[in-house]
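With our numbering, letter number 81 in the sequence shown gets 85, and the count goes up by one each step, no holes.
Positions of the beta carbon are idealized from the N, C-alpha and C atoms, including for glycine.
Notes follow the structure.
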Amino acid sequence: MSTSMNGEYLNIFSAVALTTKLELNIDSLIEFCYEIKCKDEEGVQKSNVGGWQSDDIINETHAEFVKLKNKIETSVNIYHHDIQLKKTYYQKLENIWVNINQKGHSNVYHDHPHSSLSGAFYLTEGEGAPIVFRHPYEDINTYFWDKSIIEEWNNLNSGIWSIRPEPNTLLIFPPWLKHRVSMNEENTDRISFSFNTEILPMNEVFHD
Numbered sequence: 005m006s007t008s009m010n011g012e013y014l015n016i017f018s019a020v021a022l023t024t025k026l027e028l029n030i031d032s033l034i035e036f037c038y039e040i041k042c043k044d045e046e047g048v049q050k051s052n053v054g055g056w057q058s059d060d061i062i063n064e065t066h067a068e069f070v071k072l073k074n075k076i077e078t079s080v081n082i083y084h085h086d087i088q089l090k091k092t093y094y095q096k097l098e099n100i101w102v103n104i105n106q107k108g109h110s111n112v113y114h115d116h117p118h119s120s121l122s123g124a125f126y127l128t129e130g131e132g133a134p135i136v137f138r139h140p141y142e143d144i145n146t147y148f149w150d151k152s153i154i155e156e157w158n159n160l161n162s163g164i165w166s167i168r169p170e171p172n173t174l175l176i177f178p179p180w181l182k183h184r185v186s187m188n189e190e191n192t193d194r195i196s197f198s199f200n201t202e203i204l205p206m207n208e209v210f211h212d
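This is the structure:
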């Protein structure tokens with residue numbers, strides 16, 4: 005919230021994304037991703053246009069990958085508490101998969117239904133292939149606030165918001181927020197993990 009000469013502005017609805025810098029062994033995780041791809045060259049077809057996505061690999065026991073899963077669960081529970089979801093519940097990693105987009109590959113707009121939180125962990129630079137989030141009211145800049153009247157784009161007047169991947173960065177966001185990945189225009193692979201969580205009662209935390 006902020007104030008002005010005429011009163012107080014209320015940020016009524018928000019879509020909050022959390023970015024966290026980790027310190028994992030990126031080279032080891034990249035090697036692990038290519039090993040997973042070698043086991044299943046066909047992969048799965050979901051939101052990807054070209055590119056390759058693995059099936060769920062949550063049960064893989066690669067040492068650095070286990071560290072990543074632990075870091076994700078720590079961070080999603082921080083997010084859970086920061087947005088004031090009930091303390092009697094916690095976030096548990098539900099599924100996680102690998103994305104490898106080569107030059108010319110992208111992902112179309114989609115969301116992650118039946119999940120509590122969603123996110124990604126980036127292994128490579130993505131200067132030319134950001135993740136792009138779309139305003140929940142997707143026509144904001146088509147029928148109401150045309151770009152011709154915008155002085156400067158910001159989180160209050162924008163219809164889309166881009167985040168450029170950086171290695172060792174964890175991104176967490178609401179699963180209902182539609183997003184896509186821009187076409188990779190570089191000659192290097194864009195590699196990431198994507199994941200979803202489920203929400204469980206705290207009394208189940210010791211029963212896994």
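Item	Value
With a CB to CB cut of under 7 Å and the five nearest residues on each side skipped, what residues in its chain are close to Asn161?	Trp149 and Ile154
So, does the stretch 60 to 79 touch the stretch 139 to 148, judging by three or more C-beta pairs under 8 Å?	no
Whole angstroms is fine: what's the gap from Val102's alpha carbon to Thr24's?	19 Å
So, under 8 Å CB-CB, Ile135 and His84 are touching, yes? Tell me the CB distance rounded to an integer number of Å.	At roughly 21 Å, the Cβ-Cβ gap does not stay under 8 Å, so Ile135 and His84 are not in contact.
Can the beta-carbon of Pro169 be found less than 8 Å from the beta-carbon of Ser119?	no
For Trp101, which beta-bridge partners are listed by DSSP?	Ser198
Let me check understanding here. Comparing Cα to Cα, which of Gln95, Ile30, Ser110 and Asn159 lies closest to Ser186?	Ser110
Inspect the CB distances between the stretch 124 to 131 and the stretch 192 to 199 and report whether three or more fall short of 8 Å.	yes
What would DSSP say about Asn191, mapped onto helix, strand or coil?	coil
Unbroken beta strand (DSSP E) runs of length 3 or more, entirely within the stretch 9 to 52: which are they?	11 to 13 and 22 to 25
Is the beta carbon of Val70 closer than 8 Å to that of Gln57?	no
Who pairs with Ser110 in a beta bridge, going by DSSP?	Val53
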